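Colleague:
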Amino acid sequence: MTRQPTIPLTPVSRRGLLGALVAGAGALAAASVQAGLPASTGKSADTIDVLSPEEALAAYEAEIARLRATKVSGTPLDHLERMRAELLRALAKPVAERRWVMVIDLRACVGCHGCTIACVAENKLPPGVVYRPVIDEEIGRYPNVTRRFIPRPCMQCDNPPCTGVCPVSATFTNEHGVVEVDYEQCIGCRACIAACPYGARTFDFGYTYTADTTDPGVMFGADQAATYETVTTFEYGKAHARRNLHDSPVGNVRKCHFCMHRVLNGQLPACVTTCIGRATFFGDANDPDSLVSELIAKPNVMRLKEDLGTEPRVYYLQ
Amino acid sequence: EAPALELPLVDAANSIQTVCLQCNTGCGLKVKLIDGVAAKLEGNPYSPWTMEPPLPFSTPISASGSIDGALCPKGHAGIQTAYDPYRLMRVLKRKPGTPRGGGQWITIDFDQAITEIVEGGDLFGEGPVEGLRALYALKDAKLAKEMANAVNAILAARPEEKPALVEQFKRDFADHLDVLIDPDHPDLGPKNNQFAFVWGRLKNGRGDLVQRFVKKGFGSVNANGHTTVCQGSLYFTGKAMSEQFDPKTGKFSGGQKFYWQADLGNAEFVIFVGTNHFEANYGPTPQSPRITQGVINSRLRYVVLDPRLSKLASKAWKWLPIKPGTDAAFAMAMIRWIIEQQRYNTRFLAAANKAAAAANGEPSWTNATWLVKVKDGVPGKFLRASEIGLTTVVEETDAEGKKTKAYVTADGTRFSFDPFVALVNGVPTPIDPNDPEAAPVIGDLLVDTELNGIAVKSSLQVIYEAASTHTIEEWAAIADVKAEDIIEIAYEFTSHGTRAVADIHRGPSQHTNGFYTNFAFYTLNALIGNFDHRGGLIKPTTYDRLGTKAKGPFEVEKMTNGANVPFGIDLLRTNTAYEKSTLFNGYPARRPWFPLATDVYQEDIPSMGDAYPYQIKVAMFYMSAINYALPAAQTTIEILADPKKIPLIITSDVMVGETSTYADYIFPDLSFLERWEFHGSHPSVPWKVENIRQPAISLPNWPTVKVFGEEIPLSFEALVLAIAERLELPGFGPNGFGEGIPFTRPEHLYLKLAANIAFGEKEDGSDGVPPADYAELEVFRRARRFLPPSVFDEAKWRAAIGNDEQLWRQTVYVLNRGGRYQAYEKGWKGDLAGNPYAKQINLYQEKTATTINSMTGDHLIGYPTYIPAGLAADGTPIVDEGYDLHLVTYKEAMMAKARGIADYWLLALMPENAILINRLDAERLGLRNGDRVRISSASNPDGVWDLQNGTRKPMIGKVKVIEGIRPGVISFPLGWGHFASGASDIVIDGVTIPADPRRAAGIHANAAMRVDPVLGNVTLSDLVGGSAVFYDTKVKLERVG
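One line per chain: the protein sequences are E and C, in this order.
Counting in the working numbering, the first sequence runs from 1 upward without gaps.
Counting in the working numbering, the second sequence runs from 1 upward without gaps.
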């Protein structure tokens, strides 16, 4: 407890990842804490962090096992917690041995657009920029009719048609297998937007949602309201300030990046954690025990526009 | 390897757990902060609303930072509700010389505004206006108590006795008659009642503050909520079904204003009736995964009754686009089939009392076997044992010399009341409903006989006969569904033991027959005995925030320096029967009375308009969009706009919202991310919980004010405390919680409630949470380092709970987690609910059957039945020739009903709403997708919102031609088509605040909804359950340019 995190980007001393690791361990430890103990338990912040990462992971997995065994409801363990545990397991491996994929179960998508907005909030996407739209379709004729909802993120293709067309090599597949846009290199020519067969790319014209509303004074006003729109974001593991045009996303082509800034900090992508239908899955397809590995082996799996040979890393179940 | 960048947002000290209020579900929120700015909202992982199971409650807060729960789109956009450019930051006063609704305002100093609303005067150049002080007439609690007792005697007296008692009252209180509204009608109560407080969305905490302010402080009975605009009849069906027999009075009382819902995480078969868990209800975030995962893993299949193909219906086994208003016909058909096929749960239904239920291992029981007296074919009161000589009455004198009656059977069994009767193998048997030590009574289910010359039927027989008034085919024809579907669904419903459930909500409730429709579906559930069962019907359970159960640490309701005693008939006529009041003057009453409901929102303003039962002189609206949200809400605008009808209107609002537009004073409020509340639970939640909303952010430059010498944020609390200070209301000030215990800051109340929750419900403290350790305390402090001292001052917070270190640490432990959540496993006990209702369920309602409809003089029906929907207040059907489309509404997952308009991320998803219409209707009317149409109805033939300020906003919207809606029905999603809330220009101090056209987009067709033809200034209502009627209007569409 020595750091003073009054500055947003103060390093967090690995606490974030470690915090994730010790969640389960802490739960086990705290379970022994009886109600009505004396005011001070004698614990300090440091005693919380004494577990090594390996010990913490083991404790966490033990907690997961306990929860799985506790079949008190239809859902013994939330998919979110299983995937988070698997994510931590994958992060313990070398980068080259991980294969990040996303699976979207259309049977579970309730068409809420929670993922769309979680993504907008995570990356502070301005008007006109959407990484993860959800398509709402009606199928059939009354009364034999139903609806289908199709979330459509970037497919993170293994053979991406978008990268080769970039005249300045600003977009490329990075070491995590994610198609990245380098905001310092991108010249905003938008050739990649035309090249993507999935419509996964949009352009940041620098708009905000609250501009041209009302002046401050009696009302809160546009300038102050914009506070949240210009708050720091962390795409591609870099801190971006929307006010600073040099490395800001403004004037660039933008797209889904599997939230690698979250993933490398032990968190699932924003669209995955927020999914209220539990329709979106993320994980390491190289891990045979992972949930995504189970799912992509199902007979009802498919990928969009497979005939193009793009080899998407986003799978659908239908 | 280390990540390239370590996110500050995964540090627990950069987040505060609180509770969402973008809708009323109450999902736990994690507010991630960067330099005090809410950078991102996530689900609070400790909350079972956002993960199932959630993080164990014992997980250290420092370990939770990187763990996020799920959250719906509205939840994420909560940031924009807080940082809305149209957030009001100064107190506004209607510009003198300009009319209400004119959009002309001046800013006014907070203290000056308080002075004006308290003292009154010629505030607007329109003549004198009475302030709150003039209405704070009766302050003497002793006198109030005496008057209240005398009024109760008048109400209880026979009609012919009342005049003499009123005269006696006037003599007895001759020196104090000036405090009354009308000495000739003392049952109207004191002038204090002419202050009415009306709320839209009010949660506990602030709700406790309102009770303390309006009732115990000011002494008005009029603190009225909005229940009936949501699903009022569902609440009041629940209340009627949960009334319990009180042996002391011989009557049914104590019914809870609540309802049951399905345990969706465990159900195997569900009939969803007019409820859309993927889009609305309580709510998408917790309920969706229970449904989707249940379907995918083959645990669950379900049916949806809804004229619109909701998102929920898109994954259903069967979607039945039922005819609106006929849901009860469907239920009655199922009841008939299940009884005739004997596929009901005999064991559950035959248990006639608590003792029998206990013998069966059931927590709850019904009165299915109780015998009802039938006169001229009409079921009335329950048979009492003495009426057939089953008991003899013995007069006794107890030890204190008090005379009592005992009822003794031939075998010597004694009852302190005249017991109810069931047949047991044909033998009349007395029933003690509630005594667990009484003889268990396993009654005969279907009884139709005569005992001692009295015609009697069992409750279940009465229900069966109601269900047998039509054949299955006839019921199917009424509902316009297939009879084979009804039978197939009834078969499936009775094939899963107690893990099948009919889940109802707003859809069946908001019709004129809502009460009986809900009653029919709950009866269906009772037939399979799924109450209090895993996968069946469950009820909400919360930790006691008031300190009542543990008698501390803070028994908040008892902690006071005096309290007023409010009495008298309330504005909505819900606490008194018409016949008992001195206003009784034959039928129909001037406006309906609601003896079985409360919080009848649609009656607030029309009653003020008619000054019935009396004039309201000061109306205060809190978080209310009453003139937007109600059906036929344009009728309320006419009244709101007229200062002669309501002389002073005050609102507490985050912006110049729809209701605030017609206010005289608007006091800015904090958004849900800046304030305290105790959000409670919901009947879909199996666990005992309490969700604590707490300040997570403070807006830059947010103003503070001084009340009782303390600097606090400009807020609803500031408004209440400042009025209390001026009027010296009991329960507030330096000794507000008792000698030396101040109530001068918001946290003086709220932290006591939080501490009670942390302490638990056992007097010895053994039910408490662990105390926060050093790390927890550090995270707690650091997470709040950007909150200004007017909001967070640790010393002041500690002082609010008496500087008790242990209690402080326990409170921190709970606040760190955003509430208190029972362990996941405790949600169930084997096959039963872990937190059961465990009381009697009334399938026949004696209290309802003996209640009189104030508009017709008829007795209400005490059993579930189908009554056609769409009736006027006098009970006559409404026929609107020439209007052939049935209008209903729905919710989109990405829009709140009245408050989502500030959320631009959501508006970008759906910039305007549309009127859904079936292709067949569109073809018939020559409409194409995207055509602009005007909606009109018989009670709004021009199809406009008359804003009473020269603007007549037409109800014009685009049509969306779809397959997934019943032909003949059209629907629109609520939340668009605003006329205030940033949707119209306003002028403040001569400067125009421009409207944002995005906030005015779309259509709000509530003004087309049917005005009651008898009353003329209000929507149609369910006069039994109180619901405002959204779904019984016929309209037409006309294409415009």
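Built from N, CA and C at the ideal position, the CB exists for glycine as well.
Values in this document were obtained by computation on a predicted structure and should not be read as measured data.
#1: State yes or no: is the beta carbon of E/G114 nearer than 9 Å to at least one beta carbon in chain C?
#2: For C/A1001, which residues in the same chain have their Cβ closer than 7 Å to its Cβ, ignoring the five residues on either side in sequence?
#3: Report the neighbours of C/F278 on chain E: residues whose CB is nearer than 9 Å to its CB, in chain order.
#4: Quick one: residues in its chain with C-beta nearer than 6 Å to the C-beta of E/T70, no 5 flanking neighbours on either side, listed in chain order?
#5: Looking at chain C, which residues of the segment 254-272 of chain E have a Cβ within less than 9 Å of any of its Cβ atoms?
#6: Going by beta-carbon coordinates alone, are C/F893 and E/H113 separated by less than 9 Å?
#7: Can you find the residues in the same chain that come closer than 6 Å, C-beta to C-beta, to C/D246, ignoring five residues on each side of it along the sequence?
#8: On the three-state DSSP scale, how would you describe C/P746?
#9: Got a sec, what are the start and stop residues for the alpha helix (DSSP H) E/A91 sits in?
#10: Apply the 10 Å Cβ neighbour rule to C/V879 and answer buried if 16 or more other Cβ atoms are within range, or exposed otherwise.
#11: Between E/L291 and chain C, is there a C-beta pair that is closer than 9 Å?
#12: Is E/M219 close to chain C? Criterion is C-beta to C-beta, closer than 9 Å.
#13: Measure the CB-CB distance between C/D830 and C/R534 and report whether it falls below 9 Å.
#14: Just mark E/A25 as buried or exposed, buried being the case when its beta carbon has 16 or more other beta carbons within 10 Å.
#15: In whole angstroms, give me the CA-to-CA distance for C/E579 and C/R590.
#16: Using CA atoms only, rank isn't needed, just tell me which of C/R924, C/P954 and C/V1018 is closest to C/R934.
#17: Taking DSSP as the reference, what is the three-state secondary structure of C/V944?
#18: So, under 8 Å CB-CB, C/K196 and C/N222 are touching, yes? Tell me the CB distance rounded to an integer number of Å.
#19: Whose C-alpha, out of C/N940, C/P746, C/N835 and C/F594, is nearest the C-alpha of C/T228?
#20: By the 10 Å Cβ neighbour count, where 16 or more other Cβ atoms means buried, how is C/A795 classified, buried or exposed?
#21: Let me know if E/A27 comes out buried or exposed under the rule of 16 or more other beta-carbons within 10 Å of its beta-carbon.
#22: Name the chain C residues whose beta carbon is nearer than 7 Å to that of E/D78?
#23: Does any residue of chain C have a CB that is nearer than 9 Å to the CB of E/K238?
#24: Under a three-way DSSP split, which group does C/A502 fall into?
#25: Give me, in chain order, the residues of the same chain whose beta-carbon lies closer than 6 Å to that of E/D158; leave out the 5 immediate sequence neighbours on both sides.
#26: Check the Cβ of C/M559 against every Cβ in chain E and list those closer than 8 Å, keeping chain order.
#27: At a Cβ threshold of 9 Å, is E/R152 touching chain C?
#28: How many angstroms separate the CA atom of C/H679 from the CA atom of C/L155?
#29: Taking only beta-carbon atoms, is C/C230 less than 9 Å away from chain E?
#30: What ranges does the beta strand (DSSP E) occupy inside the segment 591-633 of chain C, keeping only unbroken runs of at least 3 residues that lie completely in it?
#31: Determine the contact status of E/L295 and E/L268, defining contact as a CB-CB distance below 9 Å.
#32: What is the DSSP secondary structure of C/V273, reduced to helix, strand or coil?
#33: At a CB-CB cut-off below 9 Å, which residues of chain D make contact with C/Y750?
#34: Within 9 Å of any Cβ in chain E, is that where the Cβ of C/H496 sits?
#35: Mind reading off the beta-carbon distance from C/P770 to C/Y824? Whole number of angstroms is fine, and I expect it under 8 Å.
#36: Would you mind giving the Cβ-Cβ distance between C/F57 and C/F515, rounded to the nearest angstrom? I have them listed as a contact below 8 Å.
Modeller: Per the coordinate set shown:
#1: yes
#2: P911, E912 and W976
#3: V110, G111, C112, I276 and G277
#4: Only weak support exists for where E/T70 lies, its pLDDT of 49 falling under 50; the value from the coordinates is given anyway. Same-chain partners within the cutoff: there are none.
#5: M260, H261, R262, V263, L264, N265, G266, Q267, L268 and A270
#6: For the record, residue 893 of chain C in the displayed sequence is Ala; it is not Phe. It is a contact, given that the beta carbons lie within the stated cut-off.
#7: S253
#8: helix
#9: Sequence check: residue 91 of chain E is Leu here, not Ala. Unbroken alpha helix (DSSP H) run through E/L91: H79 to L91.
#10: exposed
#11: no
#12: yes
#13: The amino acid at residue 830 of chain C is misidentified as Asp; the sequence shows Gly. Going by C-beta atoms, C/G830 is nearer than 9 Å to C/R534.
#14: Residue confidence for E/A25 is low, a pLDDT of 40 falling below 50, so the modelled location carries little weight; the figure read from the coordinates is stated next. Label assigned to E/A25: buried.
#15: 13 Å
#16: C/P954
#17: strand
#18: Sequence inspection shows Ala at residue 196 of chain C; the Lys mentioned does not correspond to that position. Sure, about 4 Å apart at Cβ, within 8 Å.
#19: C/F594
#20: exposed
#21: Confidence is the limiting factor: at E/A27 the pLDDT is only 39, short of 50, which leaves the residue's position unreliable and the question unanswerable from this model.
#22: M51, E52 and P53
#23: yes
#24: strand
#25: E311
#26: Going along chain E, no residue has its Cβ under 8 Å from C/M559, so there is no contact; the nearest lies around 24 Å.
#27: no
#28: 36 Å
#29: no
#30: 618-622
#31: no
#32: strand
#33: The structure shown contains no chain D; its protein chains are E and C.
#34: no
#35: Contact doesn't hold; Cβ gap of about 18 Å is too wide.
#36: At roughly 39 Å, the Cβ-Cβ gap does not stay under 8 Å, so C/F57 and C/F515 are not in contact.
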